[in-house]
Structure formats: C-alpha cells, structure tokens
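First residue of the sequence shown? That's 1 in this note's numbering, and the numbers climb one at a time after it. Taking it in order: structure first as structure tokens, then the write-up.
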Amino acid sequence: MHWADEVAQTLIEKHPDTQVFTCACGISPSGVVHIGNFREIITAYFVGKGLKDRGKDVRFIYSWDSFDRLRKIAKGIPLDEKYIGMPYSDVPDPFGTENSYEEHFEKPLMKALEEIGISCEFIFQSKEYKSGRYTKGIIESLQKRKEIYDIMMSFKTQDANDEDREKYVPLELYCQKCGHDFTEVTKVSNDCTKLDYVCKCGHSGQVDVTKDHCVKLVWKVDWPMRWREEKVMFEPGGRDHSSQGGSYQVSSVIARQIFGIEPPTYRMYDFINLKGQTKKISSSSGTDMSPSTLLKVYEPAVMLWMFTRFLPEKSFDIALDSDVLKMYHEFDRMYASYKDGTCDEMVKRIMELALSTTNEKDFVPVDASLIASFAPIVNFDLDMLTDLFHKIGQNFTKEQIRPRFERIKHWLETYCPEEIVRLIPEKNDDFVKTMNDEEKLWVKKLTDEMEKKDLSAEEMQTLLYDIPKINGEQDKTRQKRFFEIVYNLLLGKSKGPRLYLFLTAIDKQDALKLLKI
Ligand SMILES: [Zn+2]
C-alpha cells in the first residue's frame, strides 16, 4: 500500500468516529520557502488525499509561524540588524515590494501552491496571537510553567536548578516600547494574567496577557497548544524536529501532561537534494531552491510524482541539470503504463496522486527530449516547432506542446545552455580532415539522396542505417562512426538528438550547406 494510504488508514483506525480530519503543516517565513520545506506541505497533502479517497473530509491547514522572532538575517537579504528579535510580521520587507518581511516570503509559496493546484487554509500566527485567540493557552502554560520547565529539563543533559525553575516562563515577550524580545519577565501575577518585565532598551512595564497580545509561547509549547486549538490529527515534521529529544517528542509530552491531549500522528520527512545546483542556483540570480523555481522546469504532475514515489523518510535528488530530461522520460514511461493499464497497483496509486491536481482530460505528455532537441533549431518559436513536430509525425497541437515547451526552454536557457542544439555556422573543415575517403563517400550518398527528394522520417531512418552497411550487413562500429561524422559536420560535436528525426526536421538547405564537403 502507498505510504499516504497507510497513514490515512492508521488515522481512521485511531479516530473511527471522526468525519473531518485536520492535517496540518507549518513553516516560519524566515526566508525563501525552499523545496525541502515544500516536502512538509506535500506530505500532509498526500495523506489528506488518502483520507478523502476513503470518504473522509479533510481540513488542511498551513500555519505561517510569523509571530516567531527574526533570529538572523540570511545572506543576500538587505536588512538592518536592528530588526533581529522582532516578530516577522513587524519587520519591513527588506526588498520593499510587500507590506512586511513575512509577506515577502509567504506570497511566492502561496502562488506556487495555487499553480500546482493544492489549496489549504492559511493561518497567520501573528494575526492569531494578536487577536487574543491563544490567551487561554498562554495563561494555562504560565500556570503550569514549573511542570513545563521540568519536562523541558528532562530532555536536557544539564541539571535543572531551583533558581532557573523559579524564574522560568515558557514564552517570549515582545517589548511594548521597542518591539524586540530582549526582555526578561521579573514577576508573574498569581492569576498568571500579568507579567512584569524589563527590556534591554531600558523600558520596564507590565503586560496583561488578556489584553496586550505581545507574548508568544516558546516553540515546544506553542506547537502542542495549537494542536489542541486546531484539533490536529496529522502533521509531518522534518528530520530536525524528529530526533530523540527533538521538538516532536518534547511537544508530545507537553501535549499530554500540560494540555491533556494526544499528539497528532506524525511522519518524519527527509531532506531533498538539488542536483545541478552548485553553480547555477543562488537567490541573487533569481534561481533559488523554491517550488516556483522548480515549477518553471517541471509540470505540477511531474513535481508531485517525484515526491509521491518515495517514502517521506527517504531523501532524493531533484535535478536541474541534464537529468531533467531523464526525469520527464521516467515520468512518461510510468504514465504510459498507468494509462494502458499494464502497471501494478503501487504505480497506479503513485500516478493517481501525482495527477491529483491535473486535469487528466487535457493532459498530454509531449516528449521533452524532442522539445529540447528541436526547439532551439526554430529559435524557440512555438508555431514553427509545432509545424516541425508535424513533419516528423508528432501530431500535437500548439497548446498541447506549450506547457512543456515553456519549461524546457527555461531550463535550457537558464541551467543548461551548453545542451542547446544549434547548427554550426561554417563547414567543419577541421573534422573533414579526419575523415577517410570511404567516410566521405558515406556523406555524399546521404546528400545525394537528400537532394533527390524530400525524405520522410521513415525513409531517412532506413537510409541512415543502409549507408554504412558492409556487404548488406549492419556493422555497429561503422554505424557509430557514421553518426558521429554527421553530428560533427552539423553540430561540431559527436552526439546530438535522434539523427533521422533531426535530419528530417531541420531546413534541408541549411543541412546540405554543412554536409556537402
Ligand atoms: Zn524594549
């Protein structure tokens, strides 16, 4: 059974009387939401799909932890250090395009999800905290702060001490004067609603947690408090949260002992590596590791497919190098077996999940390698490419070619310009010098036939295999050499797109100009 279905089944067994299941995920908008974070959303999404396919209703919530403090300024973000210690929601957009720091990093991800076709209910924690929604949870945590301290310390190696235990409060307090959390709570009122504090800025004051909404619970208390608030039943978490003594384990104990709830079912997911990232990807060049970046190269279905085929615990590579075509090829192969019904149950489910946000009726997987081979020849003109495709028997409409065409074009130009196939401007005289007389004759045979008539793709294929035959027999070495020669004469390198298609597709006069040696 597919992992998402297994989790869904477990959830239903655990909550047999429940109809609406809340699946949650959450990320702090500290910077560009990268493809690793995206796995969090996708893991929750697939489990939700598994539940829906079993007749359950799903509430899919996505929490933006925007009331978290800005901890550090990441490289490439033009922001003054004076904002460190303030909540993301109160920090201005360093790039000046949105209303705040949080919005700047939230919007692209929300747009990418829309493009993929995943909808979720966004919860902005700065709004929730500032609305007073969590006041009850905050007071409760303050009342049980010593128990919380004990739980926290039970996971630490250093010894607890009475003085720290006495002073401990499980929250961050943003100063009412300067907005930073460089504060220290000096007194908690008996009913746990009022906090006296001093700030590094010199301000001292009192916060009434029922009215002044400027405190935030520390992460390991905040998380279970929100599990209770939203009745979360499933939530995935990254490797960093999943270790022994990590957030999920500590928060689970706090959930049970402080908030009186069972923690949600949890699934760890591992990192994702980006292949071909090292040189080409940096935020300054606009090619960061975000889902939007990948959507410019991969169709939504192909992107989902990459995630759905692996267990969440398994790390995998996403390619932006020449393996992009391999990815498309593998997807298409699996898609074909799904369509003609020859695949097994697992592949069927993988494809169902991958295609779950795609309108299958209109989905036509046009061979990405063909696009990569031929689009450059027509200078990435889609109309001409469509005509060229018809010439080689690929009868797709322009609109069917468009989705992959745009992605392959972007990929070639941005990440793999060296893979762009173009005819060389002048005859390859240097290469001709390496050819013997027989080889020159092979090429002459080819150009003679081409001049005689317009060859169909099929005729071209037969011809290319006939020319280097020896006594009517195929010879692999000669065959290979012949292809190498033609590629070198046309492209100046020893490899290229499928030769018979290429020769049929390109302008005949252009080809003859280079081949007539
Ligand atoms: Zn202050």
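Glycine included, every Cβ here is placed at the ideal spot set by N, Cα and C. Here the structure is a predicted model, which is why all the values come from computation and not from measurement.
Problem - Contact test: Lys177 Cβ vs ligand 1 heavy atom, cutoff 7 Å - result: yes
Problem - DSSP state of Glu184 mapped onto helix, strand, coil - result: strand
Problem - Separation of Arg69 from Gly252, as counted between CA atoms - result: According to the sequence as given, residue 252 is Ser; it is not Gly. The alpha-carbon atoms of Ser252 and Arg69 are separated by roughly 23 Å.
Exercise for the section: Indicate the three-state DSSP secondary structure (helix, strand or coil) for Ile123 in the structure shown. Expected result: strand
Practice task
Could you have a look at Glu473 and say whether DSSP puts it in helix, strand or coil?
Solution key: strand
Exercise for the section: Tell me whether Gly202 is buried or exposed, calling it buried when 16 or more other Cβ atoms sit within 10 Å of its Cβ. Expected result: exposed
Exercise for the section: Would you check if the distance between the CB atom of Gln9 and the CB atom of Lys56 is smaller than 8 Å? Expected result: no
Handout entry: Pair within 8 Å by beta-carbon distance, Tyr335 and Ala368
Key = no
Practice task
Classify Ser30 as buried or exposed, calling it buried when 16 or more other Cβ atoms lie within 10 Å of its own Cβ.
Solution key: buried
Problem - Three-state secondary structure assigned by DSSP to Ile281 - result: Confidence in Ile281 is poor, its pLDDT being 43 and thus under 50, which makes the residue's placement too unreliable to answer from.
Practice task
In the DSSP assignment, find the alpha helix (DSSP H) that holds Ile420 and state where it starts and stops.
Solution key: Looking at the DSSP string, Ile420 is not in any alpha helix (DSSP H), and its letter there is neither H nor E.
Problem - Contacting residues, own chain, Cβ-Cβ under 7 Å from Arg54 (five flanking each side not counted) - result: Ala8 and Ile12
Exercise for the section: Would you be able to state if there are at least three C-beta pairs under 8 Å between the region 213–229 and the region 102–122? Expected result: no
Practice task
Take Glu147 and list the residues in its own chain whose beta-carbon comes closer than 7 Å to its own, dropping the five residues that flank it on each side.
Solution key: Gln257 and Ile258
Problem - Cβ-heavy atom distance, Cys416 to ligand 1, below 7 Å - result: no
Exercise for the section: Please report how far the alpha carbon of Phe374 lies from the alpha carbon of Ala24, in whole angstroms. Expected result: 44 Å
Handout entry: Cβ-Cβ distance between Asp240 and Val32 below 8 Å
Key = no
Practice task
Return the first residue and the last residue of the beta strand (DSSP E) that Ser89 is part of.
Solution key: No beta strand (DSSP E) contains Ser89, which DSSP labels as neither H nor E.
Problem - Start-end ranges of the alpha helix (DSSP H) lying completely within the region 404–470, minimum 4 residues - result: 429–432, 437–452 and 457–466
Practice task
Count the CB pairs spanning the region 169–180 and the region 140–158 that are closer than 8 Å, and state whether there are at least three.
Solution key: yes
Practice task
Determine contact between the region 340–347 and the region 296–308, defined as no fewer than three beta-carbon pairs at a distance below 8 Å.
Solution key: no
Practice task
Pull up the distance between the alpha-carbon of Thr278 and that of Tyr415, whole angstroms please.
Solution key: At Thr278, the pLDDT of 48 sits below 50, so the modelled position is not reliable and the matter cannot be decided from this model.
Exercise for the section: Tell me whether Arg524 is buried or exposed, calling it buried when 16 or more other Cβ atoms sit within 10 Å of its Cβ. Expected result: The requested residue 524 is not part of the displayed model; the chain covers only 1 to 517.
Practice task
Determine the closest residue to Val47 out of Lys391, Leu353 and Asp507, with distance taken between C-alpha atoms.
Solution key: Leu353
Exercise for the section: Report yes if the C-beta distance between Tyr500 and Gln474 is below 8 Å; otherwise report no. Expected result: no
Exercise for the section: Using the DSSP secondary-structure output, state which residues sit across from Cys23 in a beta bridge. Expected result: Phe60 and Phe234
Handout entry: Straight-line gap, Ser315 to Trp305 (C-alpha atoms, nearest Å)
Key = 14 Å
Handout entry: Per-residue DSSP class, three states only, for Arg310
Key = Looking at the sequence provided, one finds Phe at residue 310 rather than Arg. Here Phe310 sits in coil by DSSP.
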